[in-house]
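Take a look at the structure set out below.
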Amino acid sequence: MNRLKGMFDIHEDAAYYAQIKQAIERLAHVHHIDRIDTPILESTELFHRGMGADTDVVNKETYTFKDRADRSVTLRPEGTAGVVRSYIEDKLYAAQDAVKKLYYDGPMFRYERPQKGRFRQFYSFGVEVFGDQSAVLDADVMKIAYDLMGALTLDSTLEINQLSVASKARYSAALKAHLEPSIQDFCSDCQTRLTTNPLRILDCKVDTEQAAFKSAPLPLDYLDATEKAYFQDVQDALSALEIPFTVNPWLVRGLDYYTGTVFELKVSTNILGRQNTVAGGGRYDGLVEELGGPSKGAIGFAFGLERLVLALKSAAITPPIRPLDMYVMVLDDQVKLAALTLVNELRHLGFKAELAYHGGPLKKQFKAVSGSHATLAVLYGPDEVKGGYLTVKDQTTNVTTTVPRTDLKNFHSLLKERAK
Ligand code: HAM
């Protein structure tokens, strides 16, 4: 049996994921963000209404099927729609906090062509913030994403842009009029998009070299005075936080719910090629209302964890792995139960400890000790049990000592010494 195409198992890279998740939890704590976990399976309609039925993600990439009661259900391709549904359904807006900040991480599913940094099941870390519509919050949310990169010691660049809400229809019409005369030179997807959703043409990865694409009107040209001022405020707030950024007037993001500020974080490492966007997000002020809730400003972003893992590897950043503190060797079958008790006592004291469950020849057991990279080999046999001590071989110095059975806590100082 094999894995499905575009899916993967996590074992060797588990420590990278653990490192990222630890950084996420630390950040969520200091930024006052609550955890939310929503179901992986939702009604198909949620994503159609939430993300836009004419987006590639919904149109071509969802895993959609009928459940046993003939309801159309979809494996979530992203986290925002489910979080918004929960925010409305469980009336999270009624909570005391004016601003509700939520975070999640978990698997997402998109039926895309698999390649480096692009999978059919991938893991996302996302943040969604509801209840405020201010440039200061926008910058503060981008700071969370920026801080995660900092916590992982990864370099990235932040690209920002502003979509016009006031002139959305006017902009869309202008874009359509501009592209229409040469649309036959564009890919067949873009030819369809021209009538269904012209803005999505700017996301196209195929037609970027077309002259009409390059000379297309851009969202920034259509901002009204208020939107222009807002965009300037976002930039001032980012500068106040000393977050470097560049304005990318082409940035529109691939989903329909975005309403103003949009942004992406990119890494420069070429290991990711075209998949160098590690995070993307923006404002979606209309989505809560669109899905049946009250009118609430909202902004969020999501990271792709695989891309972070690839970036960490390419920067040769390895996650800290704590080796086994001790391996308890069983010198005689008679002491197996005593050894089992001993190893669990050590674990209760906080040591990372393993037991030679099978006992057997010493040579074989020592081989297992070296294979496990344990700092200490603890030899435990009838003499040790009777005498109330352990024989301990320090694997780094090869020095063997005895330690009273009642002094297990002293291993803490010994191991601390070794770690230096
Ligand atoms: P997105 O840009 O579609 O945004 O995805 C977020 C991130 O997920 C991307 O920047 C990328 O790192 C990663 N990603 C996307 N597709 C794949 C894939 N097939 N394989 C591996 N990684 C992938 C969203 O999902 C929005 N929900 C973000 C958001 C939250 N906007 C507002 N709130």
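Take the sequence shown: its letters are residues 55 to 474, numbered as in our numbering. Each residue gets a CB set at the ideal place from its N, CA and C atoms; glycine is no exception.
Shortest gap from the CB of phenylalanine 179 to any heavy atom of ligand 1: 6 Å or more. Just measuring C-alpha positions, the residue of Thr454, Thr429, Leu81, Ala82 sitting nearest leucine 378 is Thr429. Here DSSP, grouped into helix, strand and coil, assigns tyrosine 411 to coil. Between isoleucine 90 and leucine 345, the CB-CB gap reaches or exceeds 7 Å. Taken through DSSP and simplified to helix, strand or coil, isoleucine 371 comes out as coil. In this structure, the alpha-carbon of alanine 393 lies about 21 Å from that of leucine 468. Nearest to threonine 280 by alpha-carbon distance, out of Gln329, Ser221, Asp243, Thr134, is Ser221. When Cβ pairs closer than 8 Å are counted between the two stretches, the segment 66-84 is seen not to touch the segment 382-391, the count staying below three. Taking 7 Å as the cut-off, the beta carbon of aspartate 339 is found closer than this to the beta carbon of threonine 313. Proximity of the segment 176-190 to the segment 125-139 meets the contact definition, three or more beta-carbon pairs being nearer than 8 Å. When the alpha-carbon of aspartate 186 is set against those of Ser218, Asp151, Leu248, the nearest one is in Asp151. At a threshold of 6 Å, arginine 361 counts as near ligand 1, since its beta carbon sits closer than that to one of the ligand's heavy atoms. Within the chosen limit of 6 Å, ligand 1 reaches the beta carbon of threonine 134 through at least one heavy atom.
With a beta-carbon spacing of about 6 Å, leucine 229 and alanine 270 fall inside the 8 Å limit used to define contacts. At the C-beta level, valine 112 and phenylalanine 119 stay beyond 7 Å of one another.
Taking 7 Å as the cut-off, the Cβ atoms of glycine 160 and glutamine 329 do not count as close. Closest in alpha carbon position to proline 235, among Ala265, Asn324, Leu58, Val219, is Ala265. By the beta-carbon neighbour count (other beta carbons within 10 angstroms, threshold 16), glycine 106 is buried. Close CB contacts of isoleucine 371 within its chain, under the 8 Å cut and outside five residues either way in sequence, are with Leu206, Thr207, Leu208 (chain order).
In this model, asparagine 302 and alanine 473 are separated by some 47 Å (Cα to Cα). DSSP places arginine 337 within a strand segment (E or B) once states are collapsed to three. Glutamine 245: not part of any beta strand (DSSP E); member of the alpha helix (DSSP H) spanning 242-250, first to last residue.
The beta strand (DSSP E) runs of length 3 or more contained entirely in the segment 116-171 are, from start to end of the chain, 117-120, 126-129, 154-163.
Exclusion of the five residues before and after alanine 294 leaves Ala193 as the residues of its chain whose Cβ lies within less than 8 Å of its Cβ. At a threshold of 6 Å, arginine 103 does not count as near ligand 1, since its beta carbon sits no closer than that to any of the ligand's heavy atoms. Counting of Cβ neighbours within 10 angstroms places glutamine 449 among the buried residues, the total reaching 16 or more.
Distances between the C-beta of glutamate 166 and the heavy atoms of ligand 1 include at least one below 6 Å.
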